[in-house]
Structures are given as C-alpha cells and as structure tokens.
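Peer 1: Chains as they are written, first to last, in UniProt numbering: chain F, 1 to 337; chain L, 1 to 337.
Glycine is no exception: its CB is placed at the ideal position from the N, C-alpha and C atoms.
There are 2 protein chains.
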Amino acid sequence: MSRVAPTLEDVARVAGVSRATVSRVVNGTRNVDPELQETVRNAIEQTGYTPNRVARSLVTRRTGTVALVISGAGGGSDVFTDPFFGRVTAGVVDFLRGHSVHPVLMLADSDHARTEVVEFLRQGSADGALLVSTHPADPLPARLLEAGVPSVLYARPGRPMPIGYVDMDHRAGGRLAADHLVAAGRYNIATISGPMDVLASQDRHAGFRDAMARHGFPYVPTAEGGFTAESGAAAMHRLLTECPDLDAVFAANDLMAQAAVDVLLEHGLRVPEDVAVVGFDDSAPALACRPQLTTIRQPVERMAAQMADLLLAELEKPGQRPRSVIFEPELVVRASA
Amino acid sequence: MSRVAPTLEDVARVAGVSRATVSRVVNGTRNVDPELQETVRNAIEQTGYTPNRVARSLVTRRTGTVALVISGAGGGSDVFTDPFFGRVTAGVVDFLRGHSVHPVLMLADSDHARTEVVEFLRQGSADGALLVSTHPADPLPARLLEAGVPSVLYARPGRPMPIGYVDMDHRAGGRLAADHLVAAGRYNIATISGPMDVLASQDRHAGFRDAMARHGFPYVPTAEGGFTAESGAAAMHRLLTECPDLDAVFAANDLMAQAAVDVLLEHGLRVPEDVAVVGFDDSAPALACRPQLTTIRQPVERMAAQMADLLLAELEKPGQRPRSVIFEPELVVRASA
DNA sequence: TGGATGTATGGGAGCGCTCTTACAACGTTG
DNA sequence: CAACGTTGTAAGAGCGCTCCCATACATCCA
Numbered sequence: 001m002s003r004v005a006p007t008l009e010d011v012a013r014v015a016g017v018s019r020a021t022v023s024r025v026v027n028g029t030r031n032v033d034p035e036l037q038e039t040v041r042n043a044i045e046q047t048g049y050t051p052n053r054v055a056r057s058l059v060t061r062r063t064g065t066v067a068l069v070i071s072g073a074g075g076g077s078d079v080f081t082d083p084f085f086g087r088v089t090a091g092v093v094d095f096l097r098g099h100s101v102h103p104v105l106m107l108a109d110s111d112h113a114r115t116e117v118v119e120f121l122r123q124g125s126a127d128g129a130l131l132v133s134t135h136p137a138d139p140l141p142a143r144l145l146e147a148g149v150p151s152v153l154y155a156r157p158g159r160p161m162p163i164g165y166v167d168m169d170h171r172a173g174g175r176l177a178a179d180h181l182v183a184a185g186r187y188n189i190a191t192i193s194g195p196m197d198v199l200a201s202q203d204r205h206a207g208f209r210d211a212m213a214r215h216g217f218p219y220v221p222t223a224e225g226g227f228t229a230e231s232g233a234a235a236m237h238r239l240l241t242e243c244p245d246l247d248a249v250f251a252a253n254d255l256m257a258q259a260a261v262d263v264l265l266e267h268g269l270r271v272p273e274d275v276a277v278v279g280f281d282d283s284a285p286a287l288a289c290r291p292q293l294t295t296i297r298q299p300v301e302r303m304a305a306q307m308a309d310l311l312l313a314e315l316e317k318p319g320q321r322p323r324s325v326i327f328e329p330e331l332v333v334r335a336s337a
Numbered sequence: 001m002s003r004v005a006p007t008l009e010d011v012a013r014v015a016g017v018s019r020a021t022v023s024r025v026v027n028g029t030r031n032v033d034p035e036l037q038e039t040v041r042n043a044i045e046q047t048g049y050t051p052n053r054v055a056r057s058l059v060t061r062r063t064g065t066v067a068l069v070i071s072g073a074g075g076g077s078d079v080f081t082d083p084f085f086g087r088v089t090a091g092v093v094d095f096l097r098g099h100s101v102h103p104v105l106m107l108a109d110s111d112h113a114r115t116e117v118v119e120f121l122r123q124g125s126a127d128g129a130l131l132v133s134t135h136p137a138d139p140l141p142a143r144l145l146e147a148g149v150p151s152v153l154y155a156r157p158g159r160p161m162p163i164g165y166v167d168m169d170h171r172a173g174g175r176l177a178a179d180h181l182v183a184a185g186r187y188n189i190a191t192i193s194g195p196m197d198v199l200a201s202q203d204r205h206a207g208f209r210d211a212m213a214r215h216g217f218p219y220v221p222t223a224e225g226g227f228t229a230e231s232g233a234a235a236m237h238r239l240l241t242e243c244p245d246l247d248a249v250f251a252a253n254d255l256m257a258q259a260a261v262d263v264l265l266e267h268g269l270r271v272p273e274d275v276a277v278v279g280f281d282d283s284a285p286a287l288a289c290r291p292q293l294t295t296i297r298q299p300v301e302r303m304a305a306q307m308a309d310l311l312l313a314e315l316e317k318p319g320q321r322p323r324s325v326i327f328e329p330e331l332v333v334r335a336s337a
C-alpha cells in the first residue's frame, strides 16, 4: 500500500487545519466544529491515515498492552501443554480484548528470563503485569513491586506483600473432596497431593486432611505428585503398594487423577466400583477421562478475567490499595466417584 | 523506587558527557573511549537508568514484538483448550525469547477482531504477524499482505499469494496412516475426517483415500468431524451404524481419535484387537488415551519455531521472496493400531 | 458598553530516544 | 610540513504524537 505511512501532519495539510485539530478529531473529539470534523474525517479517509501507536505511547505513557507472565518454576515452555495455562490465557485474552488491551506473553522460568521481564516492564513496554506464579519462593512478585510495576497475581504471593491477586479457596476444595468421598461411604481413602512447595497444593491437602480428620480419619495415606500425568501415575503406584486395599483417591489435579485412573484400571480395579477417584480443576482431562472425573471445579477462566480486571482498574486509577478476590470451589459429580 | 524514570539526559549529566555518548554505550558501543565507557556505566548504575523502549521504537521503527494471531474461525477463546494452539504458542515463545522478541496474543475470530488486528499492525504496534489460520476463506492473510505487514502463516493460504508459510505434508500423513493400517491386515477401514473446509483436513483425507485406493480399497467410509472430541464421538457413532463390522479407523486428529476409542470401548469393542485406531498430530491426548494412540506426528513446535524464524528473517531484510517450509509427518506406533 | 465567560482553533513545546553532521584532537603519509 | 585520514565527542534535528497555552471570536449579564 503506502510506502511511508501518512502522519497527523499530512492529514492536517490535506484538511487545511492544524495537527492539534486532527488529533482532537481522532481522539476525544471535544470542541470541534461538526463541519470541520467532517472535513478532517474525509482527509483521514483520503490519506489512509492510521495513528502511530508508538508515538502516542511515548507521550501518554501508556502502551495498551500488559505482560502475561507465566512464572513456571519448571521445565521451559511445555507449560503451554498444561490445560491450566491454556485456560488462564483464554480468560485473560477474552477479557482484555473487550478493553482494547493486548497481552504479551512472557515466560519467566529462569533468573535471566525474570530479569528480562522486569526490564521489559521498567522500560515501559507494557503497562502492567499479570503474573501466574505458582512457586511461593518466586522472587518475581517482589521484584515487580520494587520496580513499581503495576501487577496482579494469580494465586496469593508466598509472603504477604502489597500486591493484588486472585485466588481460590483451595482448602475448601480439599474439604469438598473429603466430604464427598466420606459421604459415599468410602473408608480407605488416600490422596495424591500436588507439589508441596506450591501453596495451592498445601492448601488443597490441608483442607482435605482436616476434613478427613473431622470425619474420623486422622491419618490419610499421601503420595506427593508434581501435577503431571507421569507423577500422578507414579504416586498411584506408591499408594497401591502402601495400602492395597484403598477404595478412594483424591488427586490434587485432573491430570494426575486421570493418570491414577489408568493405573487403577491396569491393576484390574474398577472405577468407581472398587476405587473412587476425585480430581481437581475440572479441566479438559476430567471430561476426556473414562470414567469421567468427579472433580472440584476451579473457575480458572473467570479468575483470569478477574485478574485482568483488577490490573486494568489499577492502571485506571493508580495507587489504590491492592485488592484480592477469592473464588469458591464447587464439587462436580461425574462418574468416577 | 524512582518516581520518575531517569532518562538518557540524566545519565549524561551525571557522567558529564553528551546524550549521544551514553546512547553509544548503551547500544553498539562503537568508538567510545574505554575509560569514558566506564564512567558512563557507573552513571547508569547510579541513576538506575533503563532505556525507554517506546522512545527507541519511535525512531527505530521497531518494537521488538510480533503479533501471534489465532485466526480461529470458530467459537471464541476456547481455542486455547485445544492442545494444538498450546503447542504453537510453546514453539513460538520458545524461539522468540532467544531473540528478545515478544509475542502479543491476538484472537481474530470475528470481522471486528480482524480489523483490529490489521489496525494494530498498521499502527506499528508490532513488527509483524504470525498467523495461525486454518480457514482457507480467512480474509486476514490477504488483508495483512495488502497493508504491507510482514507476515508468515502456519498452513498455506487458501489461494496462492506472495506470503511465507510453514506447513506439513498432510497428504503424506494420510498415506502413512493408510499404509500402516493395511499392512496390519485390516480390511474394513473407515475414517473420521476433519472439517472439510480446512485444507489440512482435505489433504489428510485425500492422502489417506489415495493410498487406500492404491491398496485396493476404492471406497472408504467417511464421517466428517470438527477436530473436537464431541464431533469425533458423534462421527464414530455414525461410522458404527454405517459399517458395524469395521476393524480400523483413521481419525484426522488425536482428540477425535481418543473420542472414537471411547465410543468403541463403550460398544464392547476392543482396541486394537477388534478395531485399530490411528490418530493424527501426536499431541497430549495421544499419550493420555488408553490404549495409547498410534498416530501421525505433526512437529507443531518445530513448525511454529520455523514460522517465527521466517518472520524474523523477513524483518531482518525485508523484501525477500517469501519462503515456505514443508515438514514431513512421521508414523508413531503405539498401542492402538 | 464593557468585562467576564465560553468555544473553536492554531502554535509550539516536549515525550526519550537515535543518528547524522560537525568538529576537535590526534596520528600518518608523500 | 601540508594534506589527509581516523577516532572520539558534542550538538541538534527529528521520529509522530498529545496537550498546554495563546488567540480569536461569539455570547452573555450587569
């Protein structure tokens, strides 16, 4: 099309007005003669003008983008295979698009990468950060805070700090699972926890254990997993060795629950007849699993959208007290328990 | 930290040099006295200076970001649940991060959204576009081309146009599946195709059918699916009605293959003993499925990385003839066939 | 009628950076 | 020793935009 993009100046010349007037028409359109507006609009049409967002950003100090930072502790970029992050992304994108804000995706899985994220934001390349950080020891929240970057977390920070976040009542989720299993008349109940250095895992486990204790089961056989299918299968094997007569398993996410079901089936055990299985999250694998998983729903998309909402609010009027929003889990009964 | 960010000017004042010198140190560092460099570096340290990327972009005409556009025809943002897009994202992010380029995520699932994408790029908010477009009728490639936006596609465009892309030899993939099934001694072979308005689906199907014909099977019972689990299950049901004695199914992606397996199992058929199933993609569901899926591998991550590579090359030296790279599929034999 | 108020427009500074140009200081060469 | 690079630095224009301020004119009430 055009070799060199037309500028405000060009439009102004064509319309026979000043740059300022064109700018007014392009933006707020306040106090411009309707007739002149028409002229300017024609000139814009004629020249094929598109405002240069970068130039605008330079003076407004706003880019219209936010960083969506996946601070996965672990192994590189296969985080995107995890349905959880896909759901977060979906929720964020879906919310932001309605506000003409665009997320730029960043992975913060190494110290180098984290520094790059902080730099990126300090340089004003994005207006703020949405931080999906699972590790309580993650230094990124504190560093962003220190750098004065408006940020909101998914999951509460490892130690208290004045930063907004969305989270879920994971303990309540654990309780829901225990209640359901006990109410179903199960007696030998075990659990596959998530990685214990993740707060969400600790909470789900604590909630589950507490409820079990209240139901008269002071000890719950536990195998720690890593939120992946493989780790879930391995944990299930350990559990089966420790207590071959178990009749129920609560897994801290669906991926592990699905793997657990597979292992049980391979051992000739029927699900849910012989062993009931409850998952967590209510993500795609819960439905793909046979039998379909009874699970604890985490409204990831809504939470992600809320996180984005909090950030935009903070950008809108900075310096507010950071807010947090906690979501309630929900038991979803399907075939596996 | 700092209320107002220090600028080049501030650093220059502290170091007692000119802005230009500081700029040289920050960037190319050509022709600056080592001693002075040291002084400047100290000044940078002292002031906590970070270059303002926006200001830099304004003059260099480069933002260091590219748009990753998911031009899903269909239903909004649940595309991120599809493992395919997760893999694309992973491949892109992984490649770009090594080049200090960041992807901004955009969904182009409506005409409005498409216009916004074009605007975004015309405004110079990103240096180029990575377009994951499945629909041959998608107007976006042509519009980006027309707008002069450097772009690379995932999957060849619906009609020939001078734009680079990566793709796979889907026909060869279909052939691989047919060969494998026939070699395994299957006789009543059916297939669940992808949506027929998608080129990849057409190609996979054509390759499969051609190979089948060459093997002496001129007619292949076909049910069209939509690449989703539900559509796969529905297609499997139809196939079972049409030819109850089938002994093999080739599904055009793993999601549908997995669903097909479930339906077969529900019907009391054993996989692979009674019915062999071959999937396509080799994505997460292929491994999660029981039995694990024999499938045709599409190296999505590598393709996505290649796509990003092509775009960066085009940005590096514009005006080159657009390039395309075709990847070969690979048969992955597991338990299901 | 005159000052006060309000509305529409233009002029121009300035956002923070890069990059070209000019120039000073230093060799190096025929 | 004049003429010529070579190298290191400063000065300043300019990227395209927003926004403040000045100006011009219309409108109003006392």
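Going by DSSP in three states, F/ILE326 sits in which element: helix, strand or coil?
Peer 2: The sequence position of residue 326 of chain F within the first sequence is 326, counting from 1. Strand, per DSSP.
Peer 1: Report yes if the CB atom of F/SER324 is closer than 8 Å to the CB atom of F/GLY91, and no otherwise.
Peer 2: The sequence position of residue 324 of chain F within the first sequence is 324, counting from 1. The sequence position of residue 91 of chain F within the first sequence is 91, counting from 1. Not closer than 8 Å, so no.
Peer 1: Along chain F, which residues have their Cβ under 7 Å away from the Cβ of L/MET106?
Peer 2: Within the second sequence, residue 106 of chain L is the residue found at index 106, counting from 1. Those are HIS102, listed as they occur along chain F.
Peer 1: Can you give the Cα-Cα distance for F/ALA251 and L/ALA155, rounded to whole angstroms?
Peer 2: Locating residue 251 of chain F in the first sequence gives position 251, where the first residue counts as 1. Locating residue 155 of chain L in the second sequence gives position 155, where the first residue counts as 1. Each residue's Cα considered, the two are about 39 Å apart.
Peer 1: Find the nearest neighbour of L/PHE227 within the set L/VAL198, L/SER18 and L/ASP138, judged by alpha-carbon distance.
Peer 2: Counting from 1 along the second sequence, the entry for residue 227 of chain L is found at position 227. Nearest C-alpha to L/PHE227: L/VAL198.
Peer 1: Can you tell me which residues form a DSSP beta bridge with F/GLU224?
Peer 2: What you label residue 224 of chain F is simply residue 224 of the first sequence in a count that begins at 1. Paired residue(s): F/SER193.
Peer 1: For F/ILE296, which of helix, strand or coil comes out of DSSP?
Peer 2: Start at 1 with the first residue of the first sequence, and residue 296 of chain F comes out as number 296. If DSSP states are grouped into helix, strand and coil, F/ILE296 belongs with the strands.
Peer 1: In whole angstroms, give me the CA-to-CA distance for L/MET106 and F/ARG297.
Peer 2: One-based indexing of the second sequence puts residue 106 of chain L at position 106. One-based indexing of the first sequence puts residue 297 of chain F at position 297. C-alpha separation (whole angstroms): 27 Å.
Peer 1: What residues of chain F sit near residue 346 of chain L, judged by a beta carbon separation below 8 Å?
Peer 2: Residue 346 of chain L lies beyond the residue range present for chain L, which begins at 1 and ends at 337; the question has no answer from this structure.
Peer 1: Run through chain L and tell me which residues come within less than 7 Å of F/LEU58, C-beta to C-beta.
Peer 2: To locate residue 58 of chain F, count along the first sequence from 1; it is residue 58. Chain L residues near F/LEU58: VAL54, ALA55 and LEU58.
Peer 1: Name the chain F residues whose beta carbon is nearer than 7 Å to that of residue 338 of chain L?
Peer 2: With chain L covering only 1 through 337, there is no way to say anything about residue 338 of chain L.
Peer 1: Note down the Cα distance separating L/VAL275 from L/ASP179, rounded to an integer number of angstroms.
Peer 2: Residue 275 of chain L sits at position 275 when you count from the first residue of the second sequence. Residue 179 of chain L sits at position 179 when you count from the first residue of the second sequence. Taking the straight line from one Cα to the other gives about 16 Å.
Peer 1: Indicate the three-state DSSP secondary structure (helix, strand or coil) for F/ALA335 in the structure shown.
Peer 2: Translated into the one-based positions of the first sequence, residue 335 of chain F becomes position 335. Residue state, collapsed to three classes: coil.
Peer 1: Say whether chain L places a C-beta atom closer than 8 Å to the C-beta of F/SER125.
Peer 2: By one-based count along the first sequence, residue 125 of chain F stands at place 125. Cβ-Cβ to chain L under 8 Å: yes for F/SER125.
Peer 1: Is there contact between the region 116–126 of chain F and the region 136–145 of chain F, where contact requires at least three CB pairs shorter than 8 Å?
Peer 2: With a cut-off of 8 Å, the region 136–145 of chain F and the region 116–126 of chain F count as touching, because enough Cβ pairs lie within range.
Peer 1: Do F/SER283 and F/ASP262 have their C-beta atoms within less than 8 Å of each other?
Peer 2: To locate residue 283 of chain F, count along the first sequence from 1; it is residue 283. To locate residue 262 of chain F, count along the first sequence from 1; it is residue 262. No, the Cβ-Cβ distance between F/SER283 and F/ASP262 is not below 8 Å.
Peer 1: Return yes when the Cβ of L/MET168 is within less than 8 Å of the Cβ of L/ILE70, no when it is not.
Peer 2: Here residue 70 of chain L refers to the residue found at position 70 when the second sequence is read from its first residue. Here residue 168 of chain L refers to the residue found at position 168 when the second sequence is read from its first residue. No; because the gap between Cβ atoms is not below 8 Å, this pair is not in contact.
Peer 1: Chain F beta carbons: is any one of them nearer than 8 Å to that of L/ARG143?
Peer 2: If you number the second sequence from 1, residue 143 of chain L lands on position 143. False, the Cβ-Cβ gap to chain F never drops below 8 Å.
Peer 1: Compute the Euclidean distance between the alpha carbons of F/SER231 and L/PRO157, then round it to the nearest angstrom.
Peer 2: Against the first sequence, residue 231 of chain F aligns to sequence position 231. Against the second sequence, residue 157 of chain L aligns to sequence position 157. When rounded, the distance between both Cα atoms is 41 Å.
Peer 1: Taking three-plus beta-carbon pairs below 8 Å as touching, is the region 304–317 of chain L in contact with the region 239–248 of chain L?
Peer 2: Short answer: they don't touch.
Peer 1: Take the Cβ of F/ASP111 as the centre, count every other Cβ of all protein chains shown within 10 Å, and call the residue buried at 16 or more, exposed below.
Peer 2: Against the first sequence, residue 111 of chain F aligns to sequence position 111. With fewer than 16 Cβ atoms within 10 Å of its Cβ, F/ASP111 is classed as exposed.
Peer 1: Is the CB of L/VAL152 under 8 Å away from at least one CB in chain F?
Peer 2: Position 152 of the second sequence, counting from 1, holds the residue named residue 152 of chain L. So no, L/VAL152 is outside the interface.
Peer 1: Figure out for me which residue from F/GLU314, F/MET303 and F/ARG334 has the closest Cα to the Cα of F/ASP94.
Peer 2: Taking the first residue of the first sequence as 1, we reach residue 94 of chain F at position 94. Nearest option by C-alpha distance: F/MET303.
Peer 1: Quick one: which residues of the region 202–229 of chain F get their C-beta closer than 8 Å to a C-beta of chain L? List them in chain order.
Peer 2: So the list reads ALA229, given in the order they occur along the chain.
Peer 1: By the criterion of Cβ-Cβ separation under 8 Å, what are the contact partners of L/ALA284 in chain F?
Peer 2: Reading the second sequence from its first residue, position 284 is the one you call residue 284 of chain L. Going along chain F in sequence order, the residues near L/ALA284 (Cβ under 8 Å) are THR81.
Peer 1: Shorter than 8 Å from the beta carbon of F/GLN258 to some beta carbon of chain L?
Peer 2: As a position in the first sequence, residue 258 of chain F is number 258, starting the count at 1. So, interface residue.
Peer 1: Between L/ARG19 and L/MET196, what straight-line distance do the alpha-carbon atoms span, to the nearest angstrom?
Peer 2: Within the second sequence, numbered from 1, the residue matching residue 19 of chain L stands at position 19. Within the second sequence, numbered from 1, the residue matching residue 196 of chain L stands at position 196. Roughly 60 Å between the two C-alpha positions.
Peer 1: Quick one: measure Cβ to Cβ for L/VAL66 and L/LEU130, integer angstroms, because I've assumed they're closer than 8 Å.
Peer 2: To locate residue 66 of chain L, count along the second sequence from 1; it is residue 66. To locate residue 130 of chain L, count along the second sequence from 1; it is residue 130. With 8 Å as the limit, L/VAL66 and L/LEU130 qualify as a contact, their Cβ atoms being about 6 Å apart.
Peer 1: For F/VAL86, go through chain L and note every residue whose CB falls closer than 7 Å to its CB, in chain order.
Peer 2: In the first sequence, counting from the first residue as 1, residue 86 of chain F sits at position 86. In the sequence as presented, Val is not what sits at residue 86 of chain F; that position holds Gly. Neighbours of F/GLY86 on chain L, chain order: PHE80, THR81 and GLY86.
Peer 1: My guess is that L/GLY86 and F/THR134 are in contact by the Cβ rule of under 8 Å, so how many angstroms apart are they, rounded?
Peer 2: The residue you call residue 86 of chain L lines up with position 86 of the second sequence. The residue you call residue 134 of chain F lines up with position 134 of the first sequence. Incorrect: roughly 17 Å between the Cβ atoms, too far for contact.
Peer 1: Is L/GLU301 buried or exposed, if buried means 16 or more other CB atoms sit within 10 Å of its CB?
Peer 2: Position 301 of the second sequence, counting from 1, holds the residue named residue 301 of chain L. It counts as buried.
Peer 1: Classify F/GLN46 as buried or exposed, calling it buried when 16 or more other Cβ atoms lie within 10 Å of its own Cβ.
Peer 2: Sequence index remark: in the first sequence, residue 46 of chain F carries index 46 (1-based). Flag for F/GLN46 reads exposed.
Peer 1: Can you find a CB in chain L that lies within less than 8 Å of the CB of F/ALA90?
Peer 2: Walking along the first sequence from the start, residue 90 of chain F turns up at place 90. Taking Cβ atoms only, chain L reaches closer than 8 Å to F/ALA90, which makes this a yes.
Peer 1: To the nearest angstrom, how far is it from the Cα of L/PRO239 to the Cα of L/ASN188?
Peer 2: On the second sequence, position 239 is the one that residue 239 of chain L refers to. On the second sequence, position 188 is the one that residue 188 of chain L refers to. The sequence shown places Leu at residue 239 of chain L, not Pro. The straight-line gap from Cα to Cα measures roughly 11 Å.
Peer 1: What would DSSP say about L/HIS102, mapped onto helix, strand or coil?
Peer 2: In the second sequence, residue 102 of chain L corresponds to position 102, counting from 1. Three-state result, L/HIS102: strand.
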